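Q:
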Amino acid sequence: MTRILKTAVAVACFLSFASISQAEEIKHFDKKGKPPSRHTIALHKEIQKSLPFNDRRDFEEFKRGFIAAPDYTQIKADDGQVAWDMGRYNFLNKKDAIYYSIHPSLLRQARLNMNYGLYEVLKDKIYQVRGFDLANITFVKGKTGWIIFDTGMSPETARAAYKLVTKHLGKREIVAVVHSHTHADHWGGVRGLIKEEDVRSGKIPIIVPGNFQKHVVSENVYAGNAMNRRMYYQYGTLLNASPYGHVDQAIGKNISRGNTGLIVPSREIFKDLEEITIDGLKMVFQLTPDTEAPAEMNTYFPEWKALWIAENIVNSIHNIYTLRGAALRDALNWSREINRTLYLFGQKAEVMFGSHHWPRWGNERIQEIMRVQRDIYANMNNQVLNLANQGSTINTIHNEFKVPQSLKNHWAARGYHGSVEHNVRGVVNKYLGYWDCNPTTLIPLSPAESAPLYVEMMGGADPIIKKGKELYTAGSYKLAMEILNKLVHAEPENQEAKDLLADVFEQLGYQQESPSVRNSFLAGAFELRNGIRQGNNVKTAGPDAIRAMSTELFLEYLGIRVDSSKAEGMQFTINLITPDNGEKLVIEMSNATLTVLKGFQAPKADLTITINRADLIDVMIQKTTLPQQIIQGKARLEGDPLILAKLQSTLIDFELNFEILPGTKVTKE
Amino acid sequence: MKVSNVAPSVMKSILPFLLLIDGSSRVDDSSRAIACGYHVATPRFLNAPHPTTYVIAVALRKAADEKCLTLIDPKKNTTGYHGAVGKLMAFTQRFERVMQDLSPEGPSIGLSIVLVDVTLWSRIVIKDGKLKLQPHVEGAASGDVVVSTAESVLAAMLYGELSFQEAVARGLIHFEGPDIKVSHVKQLIASSIRPTNRISSIASQSGKPTLKQNASVAKLPRKR
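Residue numbers (numbering that gives the first Met the number 0), protein chains in the order written: chain A, 0 to 668; chain B, 0 to 223.
(1) Using a Cβ cut-off of 8 angstroms, pull out every chain A residue sitting near B/D100, in sequence order please.
(2) Enumerate in chain order the residues of its own chain whose CB-to-CB distance from B/S147 is below 6 angstroms, with the five nearest sequence positions on each side excluded.
(3) Under the rule that 16 or more other beta-carbon atoms within 10 Å means buried, what is A/G508, buried or exposed?
(4) Put A/I275 into one of helix, strand or coil per three-state DSSP.
(5) Whole angstroms are fine: how far does the CA of A/L441 sit from the CA of A/L384?
(6) Enumerate in chain order the residues of its own chain whose CB-to-CB distance from B/G85 is below 6 angstroms, with the five nearest sequence positions on each side excluded.
(7) Could you tell me which uninterrupted alpha helix (DSSP H) segments, each at least 4 residues in length, are contained entirely in the region 404 to 473 of chain A, listed from first to last along the chain?
(8) Establish whether the CB of B/L153 and some CB of chain A are separated by less than 9 angstroms.
(9) For A/G632, which residues in chain B fall below 9 angstroms Cβ to Cβ?
(10) Pull up the distance between the alpha-carbon of A/R107 and that of A/E195, whole angstroms please.
(11) What separation, rounded to the nearest whole angstrom, lies between the Cα atoms of A/I193 and A/I173?
(12) Who are the neighbours of B/L70 on chain A, taking C-beta pairs under 7 angstroms?
(13) Does DSSP classify A/K622 as helix, strand or coil?
(14) Check this for me: beta carbons of A/K414 and A/S315, under 9 angstroms apart or not?
(15) Along the alpha helix (DSSP H) that carries A/S515, what are the first and last residues, could you check?
(16) For B/H81, count neighbouring C-beta atoms within 10 Å of its own C-beta (all shown protein chains included) and say buried if the count is 16 or more, exposed if not.
(17) Quick one: what's got a C-beta closer than 6 angstroms to B/A63's C-beta in the same chain, skipping five residues either side?
(18) List the residues that DSSP assigns as beta-bridge partners of A/V595.
(19) Just to confirm the assignment, what range does the alpha helix (DSSP H) spanning A/I393 have?
(20) Taking the beta carbon of A/Q47 as the centre, do at least 16 other beta carbons fall within 10 Å, making it buried, or is it exposed?
(21) Can you name the start and end residues of the beta strand (DSSP E) that A/E218 belongs to?
(22) Between A/D278 and the ligand COA, is the CB less than 8 angstroms from at least one heavy atom?
(23) Could you check whether the Cβ of B/T41 sits closer than 9 angstroms to any Cβ belonging to chain A?
(24) Is A/P301 close to chain B? Criterion is C-beta to C-beta, closer than 9 angstroms.
(25) Nearest chain B C-beta to A/Q647 closer than 9 angstroms, yes or no?
(26) Contact between the region 180 to 194 of chain A and the region 272 to 283 of chain A is defined here as three or more beta-carbon pairs at a separation below 8 angstroms; is this criterion met?
(27) If I'm right that A/G467 touches A/L660 with Cβ under 8 angstroms, what's the distance once you round it to whole angstroms?
(28) In angstroms, rounded to a whole number, what distance separates the CA positions of A/N253 and A/D605?
(29) Our contact map puts A/Q212 next to A/P154 with C-beta atoms below 8 angstroms; I'd like the distance itself, whole angstroms only.
(30) Leaving out the 5 sequence neighbours to the left and right, which residues in its chain are closer than 8 angstroms to A/L341 when beta-carbon positions are compared?
(31) So, helix, strand or coil for A/Y658, using DSSP?
(32) So the alpha helix (DSSP H) B/T148 belongs to, where does it begin and stop?
(33) What are the start and end residues of the beta strand (DSSP E) that includes A/I139?
(34) Is the Cβ of A/Q627 closer than 9 angstroms to any Cβ of chain B?
(35) Thinking A/I136 and A/D149 are a contact (beta carbons under 8 angstroms), I'd like their distance in whole angstroms, please.
(36) For A/K485, name the three-state secondary structure that DSSP assigns.
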């Protein structure tokens, strides 16, 4: 038995909290960091008693079918960086270790997400590689080869997964790929598994839900820079893996950092239910639009009574509102689609497996999980609106909404990926918007404008610090946060205030069940103490995703980059023609605003640019520049070329490391 | 630096450089270059190093189509950044020679050069009493005459395949700065460039070299 296998078995044997006897001592990675306070420890001990830790079915399911783990924990990216590192989280594998800096329920989930290796889902038919990326990579046996369901986020990790499968199950070609939905952790690894020319030639189909490509790019472009910055918070991108830092990401361990790629799919599913046979295997695709993703689909294998549930069901409440920033999701529709799946396939399925976590076996268990997930989303929707119709607002709902006890006691309805608190605010936001209908909050002062008055009225910094320390010592962290936040906004250079607020954030972070919320508090604490951390920039979209972007979308993003103050008084019109795909667009600068319209041309444009879409793509992905395309004769300008210089003079390059908390701009490595 | 070693004629011309290279230089924000195209893997959309870039790009294509200029093919250009710097150094040497010969009393000048096709900014400064090239700078320095052109144009002029006059007439080289300084720099550059090996197509058509700048250049937005 290999060392890793032993480790995996040890993980599989984890851990009822009743058996845990001692707290684990690990040094904090931040010299200003604090251990959990007595209040945090007391809270966690209380939670430990109140949750059903004796229900160990998740642990049995999580270890079932384990075949082998690789003899490595790191996967290198093609550029030499580390794309994936399960070894960072070895502290979670330590038997009997308890960490009071981690919410007990999160610690349980973080250990469940330590599954690592190859697992059998259905004997000789379905296999999963887990723990190689945020999402699972699923290998379904056709008559001659593998049908892949979701590829993970990076080619490097996908390639490693395929190698592992080949090593233990023998060599089989990949005959088809299914991307269950539009999020990158489900398609970004495709280039590690198959070649683009095999898709183009029709040899290997890539099957996706309808409008896949449109949604792949549209979700992440317009506010991409802000989303990336906020990702540092939600995903704790730059936090150390540690009991005091990053411990989990709810639906997996973390996001991989490889060279995300996208191959244009060859088959889109548009029918609500569509039966397809590939490599001798009959599959029924069920579209579930506007659920976890705008375009998503489940798949049922009738001959095997096996249900692929995509990311529509996970062992957590998912996000109705995603903290990094995303369009709000429809909790009621999500619940409705789970219900439909339950009635279509769930009452006959014998195994249910998805793109995250572990499968569920046996129809009774499957129906139990489906109903719990169906009901938690419906309940959040209905009860939030019930309360909103009685006067609850976006600023109170998270303190008023209560999850029904029966759901609260079910592990599949715990708020890991999406906390109950931030999700219910999202539901209010979806239906009623951000305003609580109190005129005070309708056009409020910015925090930096109002904070100095608060500080003055409270008697200055010293009494606030004194009171903040008292509240911190008493464990009244949210109250301490209220007053210290005012002080930090009024005095961004007051390091004592920032350090104290960081201490408060840290304890609040330790107390969170949701890693997204925990990471947000801990990332904020880190920046308050040390300034904004540099490095490991995340990418919204790689070249493949940009290729998938329509010209219209790309130009509209230019409009977002325009600084209106620099465009005052400018007035020009540009026609853009891309002959190879027959598109024409008109771009107008007027009233300091850039607008784009597809399908039209201005009769008297100041400039007309003619460039094939294929050559424009090379500019879009920054392989070359527009001037170079002009010089090479691939782009033709008619009219005044200086119009482009004018447009350029209005554009802003967004900086990733903008300040979120005051006084954190000073950077330290 | 000991300025006493510098010839008085040179000294007068390059006096502003002395102020600019001892720490008081300032990069004009609006003309600030992205890092050079040879060193940046990801050039950005609509991020040309200078407003004339698009005008020069159009002129380069036209000159190539009319067989008046051989473009450097980026795919076959094996010398890369060092090749571009080599051409700029050769130009600097010639510039220094003619400046000493022709311009003992001319107005003082500073020179920022941008090769728009490769997004490379450079300055000509004085060091140890001689003109030196500072390649790969951030952008134009305040008060400089800004010369914008392309590596292909510089090469063609240095190799005697393109006259300075034709380059100007075709919009392949542009100047920006106070008229008197621009005029002086033009005179110096014209003298730095060897006589062309072939007859200028425009000069031969009109009977004399055309020195008039492309009208569109006059409309360039100022860099402030």
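Glycine included, every Cβ here is placed at the ideal spot set by N, Cα and C. As the structure is a prediction and not an experimental result, all values here were calculated from the model.
A: According to the structure shown:
(1) Here the question's residue 100 of chain B lines up with position 101 in the second sequence. Residues of chain A passing the Cβ test: none, with the nearest at roughly 35 angstroms.
(2) Position 148 of the second sequence holds residue 147 of chain B. For B/S147, where only same-chain residues beyond five positions count, the Cβ hits under 6 angstroms are H49, T51, V113, V115, H173.
(3) Taking the first residue of the first sequence as position 1, residue 508 of chain A is located at position 509. Looking at its Cβ environment, which holds 16 or more other Cβ atoms inside 10 Å, A/G508 is buried.
(4) Here the question's residue 275 of chain A lines up with position 276 in the first sequence. Here A/I275 sits in strand by DSSP.
(5) Position 385 of the first sequence, counted from the start, is the residue given in the question as residue 384 of chain A. Position 442 of the first sequence, counted from the start, is the residue given in the question as residue 441 of chain A. The alpha-carbon atoms of A/L384 and A/L441 are separated by roughly 21 angstroms.
(6) As a position in the second sequence, residue 85 of chain B is number 86, starting the count at 1. There are no such residues.
(7) 404 to 407, 419 to 431, 446 to 456, 460 to 473
(8) By one-based count along the second sequence, residue 153 of chain B stands at place 154. No, because no Cβ of chain A sits closer than 9 angstroms to the Cβ of B/L153.
(9) To locate residue 632 of chain A, count along the first sequence from 1; it is residue 633. The answer, in chain order, is R60, A63, D64.
(10) Within the first sequence, the letter at position 108 stands for residue 107 of chain A. Within the first sequence, the letter at position 196 stands for residue 195 of chain A. Answer to the nearest angstrom: the Cα atoms are 40 angstroms apart.
(11) One-based indexing of the first sequence puts residue 193 of chain A at position 194. One-based indexing of the first sequence puts residue 173 of chain A at position 174. Whole-angstrom Cα-Cα distance: 7 angstroms.
(12) Residue numbering aside, residue 70 of chain B sits at position 71 when the second sequence is read from its first letter. Here the neighbours are I630.
(13) Working through the first sequence from its first residue, we reach residue 622 of chain A at position 623. DSSP places A/K622 in coil when its eight states are reduced to three.
(14) To locate residue 414 of chain A, count along the first sequence from 1; it is residue 415. To locate residue 315 of chain A, count along the first sequence from 1; it is residue 316. Looking at the sequence provided, one finds Gly at residue 414 of chain A rather than Lys. The Cβ atoms of A/G414 and A/S315 lie closer than 9 angstroms to each other.
(15) By one-based count along the first sequence, residue 515 of chain A stands at place 516. Under the DSSP assignment, A/S515 falls in the alpha helix (DSSP H) whose first and last residues are 514 to 529.
(16) The residue you call residue 81 of chain B lines up with position 82 of the second sequence. It counts as exposed.
(17) Numbered from its first residue, the second sequence carries residue 63 of chain B at position 64. The answer, listed in chain order, is L70.
(18) Within the first sequence, numbered from 1, the residue matching residue 595 of chain A stands at position 596. In the DSSP output, where bridge partners are listed per residue, A/V595 has A/I586.
(19) The count along the first sequence starts at 1 and reaches residue 393 of chain A at position 394. It is not in any alpha helix (DSSP H) - A/I393 carries neither H nor E in the DSSP assignment.
(20) Here residue 47 of chain A refers to the residue found at position 48 of the first sequence. It is buried - the Cβ of A/Q47 has at least 16 other Cβ atoms within 10 Å.
(21) As a position in the first sequence, residue 218 of chain A is number 219, starting the count at 1. Element bounds for A/E218: n/a, residue is neither H nor E.
(22) Of ligands this structure carries none, so the ligand COA is not represented either.
(23) One-based indexing of the second sequence puts residue 41 of chain B at position 42. Residue confidence for B/T41 is low, a pLDDT of 40 falling below 50, so the modelled location carries little weight; the figure read from the coordinates is stated next. Chain A contact via Cβ: present.
(24) For the purposes of this step, residue 301 of chain A is taken as residue 302 along the first sequence, with counting starting at 1. No, A/P301 lies away from the interface with chain B (no Cβ there is under 9 angstroms from its Cβ).
(25) As a working mapping, residue 647 of chain A is identified with position 648 in the first sequence. A/Q647 counts as touching chain B.
(26) These segments do not touch.
(27) As a first step, residue 467 of chain A is located in the first sequence; it is residue number 468 there, counting from the start. As a first step, residue 660 of chain A is located in the first sequence; it is residue number 661 there, counting from the start. The pair is not a contact, with the Cβ atoms about 16 angstroms apart (cut-off 8 angstroms).
(28) Looking up residue 253 of chain A in the first sequence gives position 254. Looking up residue 605 of chain A in the first sequence gives position 606. Approximately 49 angstroms between the Cα atoms of the pair.
(29) Taking the first sequence and counting its residues from 1, one reaches residue 212 of chain A at position 213. Taking the first sequence and counting its residues from 1, one reaches residue 154 of chain A at position 155. Not really, about 19 angstroms apart at Cβ, beyond 8 angstroms.
(30) For the purposes of this step, residue 341 of chain A is identified with residue 342 of the first sequence, where counting begins at 1. Excluding residues within five positions, the ones whose Cβ falls inside 8 angstroms are Q366, M369, R370, R373.
(31) Looking up residue 658 of chain A in the first sequence gives position 659. In the sequence as displayed, the identity of residue 658 of chain A is Glu instead of Tyr. A/E658 falls in the coil class under three-state DSSP.
(32) Locating residue 148 of chain B in the second sequence gives position 149, counting from the first residue. Per DSSP, B/T148 belongs to no alpha helix (DSSP H); it is in the beta strand (DSSP E), 144 to 148.
(33) The residue labelled residue 139 of chain A in the question sits at position 140 within the first sequence. First, the amino acid is wrong: residue 139 of chain A is Val here, not Ile. Segment 136 to 140, the beta strand (DSSP E) holding A/V139.
(34) Mapped onto the first sequence, residue 627 of chain A falls at position 628. The beta-carbon of A/Q627 is placed less than 9 angstroms from the nearest beta-carbon of chain B.
(35) Here the question's residue 136 of chain A lines up with position 137 in the first sequence. Here the question's residue 149 of chain A lines up with position 150 in the first sequence. That pair is a contact at about 6 angstroms.
(36) Here the question's residue 485 of chain A lines up with position 486 in the first sequence. The three-state reading of DSSP puts A/K485 in helix, counting H, G and I together.
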